[in-house]
Amino acid sequence: MSSLARDFSGVVVAAPTSFGYARYSTQPADWYFAQCLRAMLVGGKLHKSEIDGLSASSFTLPPNPVASLSRSLGLSLNWLEAIPFGGASGVMALRRAARAVQAGDARVVACIGADCNPKGAFEDLVSAFSTPAMDAVFPYGAAGPTMPFAHVTRQYMIATGCTREDFARLCVSQRFNAQLCEHALLRTPISRDDYFASAPIAEPLHKLDLVMPCAGADGFLVLREAHARELDIPYARILGLVEQHSAYAQDRLVLRGGWAQDSQRLYQSAGVSVSDVDILATYDDCPAIVFMQIEGLGFCPSGHARDFVRNHDLRFNGDFPHNTSGGQLGCGQAGAAGGFLGLVEVVRQVTRQAGARQVRDAHIGLASGYGMVVYDRCLASGAVILEGV
Amino acid sequence: MSSYVSAEMARLYDTAERHGFALPECTACGHCFYPPQSWCPQCLAPDIHNLVDGGYARVLSTICIHRTLDAAWAAWVPVYVACISTDSNVSLFALADSDLPSGTPVTVHLQKHASGERLFYITARNPV
């Protein structure tokens, strides 16, 4: 690790925004960027002209390049970044935006993940996701990333003794949380019986293990703490942040992700311990991946997330609030916005803007991301610890 | 059904079709890898050949696909797909006839699917 690594002091996150969640869309991705930004400006008490930095994450923006957003959003920018990293986009966008503000390259950065979802779009996206996937994944059953995720799940179950009963607990808790989330598309709670009755998709994964593709946008602002105080808006400090790419690439079995590599450094740089975390948001493409994050982020030993989930109440009003918006399993996966969803919810919670699902005394939150199944595993991962002020 | 195959994959399939199974290998450092690409992911050398391989492997996991995103595949689901690790320490996905347990020794070979596509299949080395 570089000896020049520095903290994120003086820079904060504000204006957590979710917009436009819908099963299918008729508007293009640019429209979702625009409407999310519009809502974010209200939350940030800012005029559009005060935004001089933009970070954009999207799978469906093409053929429009990210550069086109400066024109279509009417922004004159000093800093513009494309973060096409799927489920890791939010953490990565935050890191880069924070450094830009610290360096004085931008004063206020809007970080947005947004995707449209016209019918057939998801199939088109995953069938041409990467050359390795087109050559060596999609031809084998045409199930898209669900196929490698099913293998990750099976390998995890074999290695840890975890069962679908354990996954059911997670999925039921997230659908419970989604009931009180305004933008969640799956707000009907499910029971254990519902979970076990759901149709097999790529066994061991069944329908209620998997996210539902949708359209939508999520985002936040990054700015100097002094500026946030002048605006008199709620904000959260960035205590620590880590990012990895192709961690543990030599592992034949996918039983861990990059967070395990850097979790100690994450907590050390944040100056907090695992027990200080009041709310956790994991990237929930499927339950086994959530379990790996719970382990890799230090909440329990490796292979013991099943015990952790059995011994804790993951609902927003339980003893271990997790994915309190319902996560993607409850809200839907709006493409790259899914990589922002958990982080945005954590910002909401620690700044006391979560309404009916507000976690009491939520002060320290952790959000993790996992993205880009180019072949047999996600390549990008990251995690951030935030402190509400 | 998707008929996309990269040039590197087509060359690998051509070699496997003649000899049963093959894997990309870097001529500079000897690193074996998959899926194919035209440079070595270990040493970056741009000289890759497809090395004939005995196809011996072990199953890491087997899953069963019931729902497919390609309407053409609907005729063939449910289908078993295994993740295997070859004796040359390369992992890949292949079709299987049944739910083979983790650790099952198998042989992987290239075969023409009913769709006409060339795909990797596995067969158990010791009948289960």
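Protein chains in written order, with my numbering: chain A, 729 to 1117; chain B, 25 to 152. Positions of the beta carbon are idealized from the N, C-alpha and C atoms, including for glycine.
Self-check item: Partners in chain B for Thr859/A, counting only beta-carbon separations shorter than 8 Å
Solution: Near Thr859/A (Cβ distances below 8 Å), the residues of chain B are Ser30, Pro59, Gln61.
Exercise. Pair every Cβ in the segment 938-955 of chain A with every Cβ in the segment 992-1002 of chain A, then say whether three or more of these pairs are closer than 8 Å.
Key: Not touching, per the Cβ criterion.
Quiz prompt | Neighbouring residues, chain B, relative to Val854/A (Cβ below 7 Å) | solution = Those within 7 Å of Val854/A in chain B are Leu93.
Exercise. Would you please verify whether the beta carbon of Cys107/B is less than 7 Å from any beta carbon of chain A?
Key: Yes, its Cβ sits closer than 7 Å to a Cβ of chain A.
Quiz item: Around the Cβ of Val1005/A, are there at least 16 other Cβ atoms within 10 angstroms (buried) or fewer (exposed)?
Solution: Buried, since its Cβ has 16 or more Cβ neighbours within 10 Å.
Practice problem: Have a look at Asp94/B and Tyr1098/A and give me their C-alpha separation to the nearest angstrom. | Solution: About 26 Å.
Practice problem: Could you tell me the distance, in whole angstroms, from the CA atom of Met875/A to the CA atom of Val836/A? | Solution: Going from the Cα of Met875/A to the Cα of Val836/A covers about 40 Å.
Exercise. State yes or no: is the beta carbon of Phe45/B nearer than 7 Å to at least one beta carbon in chain A?
Key: Chain A contact via Cβ: absent.
Quiz item: Using a Cβ cut-off of 7 Å, which residues of the segment 874-892 of chain A contact any Cβ in chain B, in chain order?
Solution: Result list: Met875, Ala878, His879, Arg882, Gln883, Ile886.
Exercise. Mind checking who Ala871/A pairs with in its DSSP beta bridge?
Key: Beta bridge pairing from DSSP links Ala871/A with no other residue.
Exercise. Less than 8 Å between the CB atoms is what I'm expecting for Ala826/A and Ile966/A, so what's the real figure, rounded?
Key: Approximately 6 Å separates the beta-carbon atoms of Ala826/A and Ile966/A; this is inside 8 Å, confirming the contact.
Self-check item: Run of the alpha helix (DSSP H) containing Pro860/A, from where it starts to where it stops
Solution: For Pro860/A, the enclosing alpha helix (DSSP H) stretches over residues 859-864.
Exercise. Give the residues from the segment 111-124 of chain B that approach chain A closer than 7 Å (Cβ to any Cβ), ordered along the chain.
Key: Those would be Ser115, Leu116, Phe117, Leu119, in chain order.
Self-check item: chain B within 7 Å of Tyr752/A, Cβ atoms only
Solution: No, no contact with chain B.
Quiz prompt | Beta carbon proximity, Gly1031/A to chain B, threshold 7 Å | solution = So no, Gly1031/A is outside the interface.
Quiz item: So is Ser115/B buried or exposed if we call it buried at 16+ other beta carbons inside 10 Å?
Solution: Classification for Ser115/B: buried.
Practice problem: Pull up the CB-CB distance for Leu143/B and Pro867/A, whole angstroms please, since I reckon it's below 8 Å. | Solution: Contact annotation, Leu143/B with Pro867/A: C-beta distance approximately 6 Å; criterion of less than 8 Å satisfied.
Self-check item: is_contact[Val829/A, chain B] using C-beta, thresh 7 Å
Solution: Closer than 7 Å: no.
Quiz item: Quick one: what does DSSP say Tyr923/A is sitting in, helix, strand or coil?
Solution: For Tyr923/A, the secondary structure class from DSSP, reduced to helix, strand or coil, is helix.
Quiz item: How long is the line joining the alpha carbons of Leu908/A and Asn1039/A, rounded to whole angstroms?
Solution: One alpha carbon belongs to Leu908/A, the other to Asn1039/A, and they sit about 24 Å apart.
Quiz item: Helix or strand or just coil, what does DSSP make of Leu797/A?
Solution: Leu797/A falls in the helix class under three-state DSSP.
Exercise. Answer with yes or no whether the minimum CB distance from Tyr868/A to chain B is below 7 Å.
Key: Closer than 7 Å: yes.
Self-check item: Members of the segment 67-90 of chain B near chain A, C-beta cut-off 8 Å
Solution: Cβ contacts with chain A come from Leu84, Ser85, Thr86, Ile87, Cys88, Ile89, His90.
Quiz prompt | Candidates Glu958/A, Gly1063/A, Leu949/A, Glu910/A, of which the one nearest Gln1086/A by Cα | solution = With distances taken between Cα atoms, Gln1086/A lies closest to Glu910/A.
Exercise. Kindly indicate which residue of Leu84/B, Gly54/B, Pro70/B has the alpha-carbon position closest to the one of Thr128/B.
Key: The shortest C-alpha to C-alpha distance from Thr128/B to any of Leu84/B, Gly54/B, Pro70/B is the one to Leu84/B.
Exercise. Run the CB neighbour count on Glu1124/A, radius 10 Å, all protein chains shown included, and call it buried at 16 or more, exposed below.
Key: Because residue 1124/A is not part of the residues shown, which for chain A are 729 to 1117, the question remains open.
Self-check item: For Cys942/A and Ala1062/A, believed in contact at Cβ under 8 Å, the rounded distance
Solution: Rounded to whole angstroms, the Cβ separation of Ala1062/A and Cys942/A is 5 Å, and the two are in contact under 8 Å.
Quiz item: Quick one: does the C-beta of Tyr760/A sit closer than 6 Å to a heavy atom of the ligand ZN?
Solution: As far as ligands go, the structure on display features none, and thus does not contain the ligand ZN.
Quiz item: How about Ala1082/A and Ser1096/A: are their beta carbons less than 7 Å apart?
Solution: Not closer than 7 Å, so no.
Exercise. To the nearest angstrom, report how far apart Ala148/B and Tyr884/A are at their CA atoms.
Key: Here the C-alpha atom of Ala148/B lies approximately 23 Å from the C-alpha atom of Tyr884/A.
Practice problem: Grab me the residues of Arg824/A's own chain with a C-beta within less than 6 Å of its C-beta, minus the 5 sequence neighbours each way, in chain order. | Solution: Only Glu809 meet the Cβ criterion.
Exercise. Kindly provide the ranges of any alpha helix (DSSP H) runs that are 4 or more residues long and lie completely inside the segment 741-810 of chain A, ordered along the chain.
Key: Counting only runs of 4 or more, we get 757-772, 796-800.
Quiz item: If you follow the beta strand (DSSP E) that Arg142/B is part of, which residue opens it and which one closes it?
Solution: 142-148 is the extent of the beta strand (DSSP E) around Arg142/B.
Quiz item: Of all the options Ala828/A, Ser777/A, Ala784/A, which has the alpha carbon lying nearest to the alpha carbon of Ser804/A?
Solution: The shortest CA-to-CA distance from Ser804/A to any of Ala828/A, Ser777/A, Ala784/A is the one to Ser777/A.
Quiz item: Where does Gly999/A sit, in a helix, a strand or coil, going by DSSP?
Solution: The answer is coil: DSSP assigns Gly999/A none of H, G, I, E or B.
Quiz item: Given that Glu49/B touches chain A, what residues does it touch there, using C-beta distances under 7 Å?
Solution: Going along chain A, no residue has its Cβ under 7 Å from Glu49/B, so there is no contact; the nearest lies around 17 Å.
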